[in-house]
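According to the numbering used here, the first sequence is numbered sequentially starting from 679.
For glycine and all other residues, C-beta sits at the position ideal for the given N, C-alpha and C.
Note that this is a predicted model, so its numbers are computed, not measured.
Here's the structure, in structure tokens; my notes come after.
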Amino acid sequence: MKIHRDTACGELTAADAGREVALGGWVESARDHGGLLFVDLRDRTGVVQVVFDPGKDQELFRTAEGWRSESAVGVRGTVRRRLPGNENPRLRTGEVEVVPSEIETYSVARPLPFDVAHADAVDEALRLRYRYLDLRRSRMLENLRLRHRLFHAIRQFYTAEGFVEVETPFLTKSTPEGSREYLVPNRQEPGTFFALAQSPQIYKQLLMIGGLERYFQIARCFRDEDMRADRQPEFTQLDVEMSFVEEEDVVASTERMLVETVRDAAGIELPHPFPRITHAAAMLKYGSDKPDLRLPLEIVDLSAAFGKTGFEAFARTLAAGGVVRGLRVPGGGALSRRELDGLAEEARRRGAQGMAWLVAEAPGSFRSPIAKFLSEAELEALARETGVEAGDLILLLADQPAVAAAVLGWARLWAGERFHLADGAPWHPCWITDWPMFEWDEEEGRWYATQHPFTMPREEDLPLLEREPARVRAMKYDLVLNGYEIGGGSIRIASSEVQNRVLKAMGVEGVERFGFFIEALQYGTPPHGGIALGLDRIVMLLAGASSIRDIIAFPKAARAADLMTGAPAAVTPAQMRELHLRVT
RNA sequence: GGAGGCGUAGUGUAGUGGUUUAACACACCGGUCUGUCACACCGGAGAUCGCGGGUUCGAUCCCCGUCGCCUCCGCCA
């Protein structure tokens, strides 16, 4: 390397005029006038213009003319103010330019598979295949910087609070419940497998038993489930656990951490204290356990108003233990018939028996296919309960509570999107508390846990564990931000006796797999609890990105494929033999 | 596992109510150009219209299947 850079491109200003500098970077663009060549040189700090004049140095000019976009090059030269009138106010370094005296071509770039400078519109699959080029965009670089700033702030926060970051194993033991795991064949003993950790849950509890008292970890987790825009097969979690604490301690500490680190990393002020909403209230009012509170829409229960309805469809549902609920969409009367019918169709696709719509044309006057089935008193109650005004839309639905919540919850989000209700709205974190310990699974005909089996039931509900599981509440709290679940935690079971009862009540199979853990609980377990936060989702929200892929350096595409390396891929027969594996 | 959307030069798009030379912009190659910064201008090359099958005299277009990507449902204790 002849030219060893000593200055950053993006930081040159008029104050540097006259300085001799050595720069290194990539050719962002070149404008060749034949008798004059402008090259924009970019490094991680920004862009500066380099001017080549064949009248001054024919050889330099010739060489630079051959530079292709995105080639890696070095330039030694003198900074000078641009001639008056030739400044570029849109460039941070636009007052100056560099007159080269020596240049070096580190590496010429082949013609590119896509235009790096304007890659926003490029097919994402192509961006993923050439991720290293995609990362050169300032947008991507800034996302990774933001991610780093947040992680750094988190480590600073917990370090200052006396927490210790401890690494826990990736290669661990398969657990009977929970998400599908990635398995790693064990060469040493045919037929045995490790599982990649789906979370450090058991290990962090063992650390509490081990006396760490305050633990955190920025941990990678692995789950072999289908993907979403906010889900990757491997993702990063902030894992925290504390001893001798109650629910309030974890919630307060986490809230303080998030407010401070988000302020430090992104300059965003989260309104706090975060509101707390019970799980039951969230399901009723927002139809979701991760409500987007930016949307000023609330679902209203109208079961009482329709208690004596003559409308057969509603009456039948109510008699069968169902509910009638409505959602008022201000200004929703502007929707076309086609959109309204589309809504009802999607509602059915999502499991509802149907969804009715009513448009308020004037106070007390509704346009709707079902208006004729409803009595004056019912329409009056409907208007009163929803607070409907002329021009509004009411979506009305009678179904089992879970279906009503899910479908109106979806409709609420749809309306938010359709009418841009969240655009520019302030950040809206909240806690979801008082989760039920169990929910009934209709299909499998059994109770299943709404959280992992180590969550402590409320003391006063313990006697109900075997008799009335539906009424047992969990000491669990979820953290929600703008409609995304960004974290969840709980107070853990610190007694082997209770742990056994809960595992049994959950019908966990293969309880003996947890034997080592049950035993560990018997040697002096402090009361403890903690939380885990999805850092990828948090960074995504802070970055204003719409997918978690945009804030992960090397994310996977659908079907968990790495489009760049081609993983997953077949391995050699020799590798298979060594691992005692055969593909069937 | 299921539903929907997309797939046309390197990139982004257009197009064809079925038959001709598949169009435009950027990028690329060659040329002109001393103040550009989306440089400009002239010229050129570049596409088995994702893949396979079917219907047809003829398919990029219609039908079926398949693959890939994206979004959603299920799933994610």
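Please report how far the alpha carbon of R754 lies from the alpha carbon of D735, in whole angstroms.
As a working note, residue 754 is residue 76 in the first sequence. As a working note, residue 735 is residue 57 in the first sequence. Each residue's alpha carbon lies about 14 angstroms from the other.
If you follow the beta strand (DSSP E) that Y784 is in, where does it begin and where does it stop?
Taking the first residue of the first sequence as 1, we reach residue 784 at position 106. It spans 774–785 - the beta strand (DSSP E) in which Y784 sits, taken as one unbroken run.
Would you mind reading off the limits of the beta strand (DSSP E) that contains S1168?
The sequence position of residue 1168 within the first sequence is 490, counting from 1. Its beta strand (DSSP E) spans residues 1162–1169.
Where K1154 and R1124 are concerned, what is the direct C-alpha to C-alpha distance, given to the nearest angstrom?
Along the first sequence, one-based indexing puts residue 1154 at 476. Along the first sequence, one-based indexing puts residue 1124 at 446. So the two alpha carbons sit approximately 21 angstroms from each other.
Under 7 angstroms between the Cβ atoms of E938 and F835?
The count along the first sequence starts at 1 and reaches residue 938 at position 260. The count along the first sequence starts at 1 and reaches residue 835 at position 157. A contact, by the Cβ cut-off of 7 angstroms.
What residues are listed by DSSP as bridge partners for S1043?
Reading the first sequence from its first residue, position 365 is the one you call residue 1043. Answer is A1040, bridged to S1043.
Output the boundary residues of the alpha helix (DSSP H) element that contains M1153.
Position 475 of the first sequence holds residue 1153. First-last for M1153: undefined, no H or E at that position.
Using 8 angstroms as the threshold, is the stretch 744–754 in touch with the stretch 780–788, meaning 3 or more CB pairs across them?
Yes, they touch.
Exposed or buried, K882, counting other C-beta atoms within 10 Å across all chains shown (16 or more means buried)?
Within the first sequence, numbered from 1, the residue matching residue 882 stands at position 204. Counting Cβ neighbours within 10 Å, K882 comes out buried, since at least 16 surround it.
Is T1250 buried or exposed, if buried means 16 or more other CB atoms sit within 10 Å of its CB?
Your numbering for residue 1250 matches position 572 in the first sequence. The residue in question, T1250, is exposed, as its Cβ has fewer than 16 Cβ neighbours within 10 Å.
Under 8 angstroms by Cβ, that's how I've got A1083 and G965 pegged, so tell me the actual separation to the nearest angstrom.
Indexing the first sequence from 1 puts residue 1083 at position 405. Indexing the first sequence from 1 puts residue 965 at position 287. Their Cβ separation, rounded to whole angstroms, is 4 angstroms, which keeps A1083 and G965 in contact under 8 angstroms.
Helix, strand or coil, according to DSSP, for G1011 in the structure here?
Walking along the first sequence from the start, residue 1011 turns up at place 333. Of the three classes helix, strand and coil, the one that applies to G1011 here is helix, per DSSP.
Looking only at DSSP bridge pairs, what is R978 linked to?
Taking the first residue of the first sequence as position 1, residue 978 is located at position 300. At residue 978 the sequence reads Val, which differs from the Arg that was named. Paired residue(s): G1004.
Check each candidate in L822, E773, Q1031, R809 and name the one with the smallest Cα separation from L1213.
As a working mapping, residue 1213 is identified with position 535 in the first sequence. Closest option to L1213, Cα to Cα, is L822.
For D1139, collect the residues of the same chain with a Cβ closer than 6 angstroms to its Cβ; drop the 5 residues on either side in sequence, then sort them by chain order.
Reading the first sequence from its first residue, position 461 is the one you call residue 1139. Excluding residues within five positions, the ones whose Cβ falls inside 6 angstroms are V1150, R1151.
Where does Y881 fall in DSSP's three states?
To locate residue 881, count along the first sequence from 1; it is residue 203. Here Y881 sits in helix by DSSP.
Just tell me which of P1246, A1172, I1226, P1135 has its CA closest to the CA of R1237.
The residue given as residue 1237 occupies position 559 in the first sequence. Closest by alpha carbon: P1246.
Measure the CB-CB distance between M886 and E919 and report whether it falls below 7 angstroms.
Start at 1 with the first residue of the first sequence, and residue 886 comes out as number 208. Start at 1 with the first residue of the first sequence, and residue 919 comes out as number 241. Yes, they are a contact pair.
When DSSP builds the beta bridges, which residues end up paired with L849?
Against the first sequence, residue 849 aligns to sequence position 171. According to DSSP, L849 bridges with L874.
Can you give me the Cβ contacts of M1218 inside the same chain, cut-off strictly under 6 angstroms, excluding the 5 residues immediately before and after it?
Residue numbering aside, residue 1218 sits at position 540 when the first sequence is read from its first letter. Result list for M1218: I1226, I1229, in chain order.
From W704 to M679, what distance separates their C-alpha atoms?
Along the first sequence, read from residue 1 onward, the residue named residue 704 stands at position 26. Along the first sequence, read from residue 1 onward, the residue named residue 679 stands at position 1. Straight-line Cα distance between these residues: approximately 15 angstroms.
Taking only three categories from DSSP, how would you classify F900?
Within the first sequence, the letter at position 222 stands for residue 900. Note: F900 maps to strand in three-state DSSP.
Within 10 Å of its beta-carbon, does V1261 have 16 or more other beta-carbons around it, so buried, or fewer, so exposed?
By 1-based counting over the first sequence, the position of residue 1261 is 583. With fewer than 16 other Cβ atoms within 10 Å, it is exposed.
Do the CB positions of L1073 and L1005 come within less than 7 angstroms of each other?
By 1-based counting over the first sequence, the position of residue 1073 is 395. By 1-based counting over the first sequence, the position of residue 1005 is 327. Cβ atoms of L1073 and L1005: closer than 7 angstroms.
On the DSSP bridge assignment, give the partners of E938 in chain order.
What you label residue 938 is simply residue 260 of the first sequence in a count that begins at 1. Answer is none; E938 lacks a bridge partner.
Out of G1042, E802, P1047, point me to the one whose CA is closest to A1055's CA.
Residue 1055 sits at position 377 when you count from the first residue of the first sequence. The shortest Cα separation from A1055 among G1042, E802, P1047 belongs to G1042.
Alpha carbon to alpha carbon, how far is E1117 from A1235? Give it in angstroms, no decimals.
Against the first sequence, residue 1235 aligns to sequence position 557. Against the first sequence, residue 1117 aligns to sequence position 439. Taking the straight line from one Cα to the other gives about 33 angstroms.
How many angstroms separate the CA atom of L804 from the CA atom of F792?
Along the first sequence, read from residue 1 onward, the residue named residue 804 stands at position 126. Along the first sequence, read from residue 1 onward, the residue named residue 792 stands at position 114. Taking the straight line joining both Cα atoms gives about 8 angstroms.
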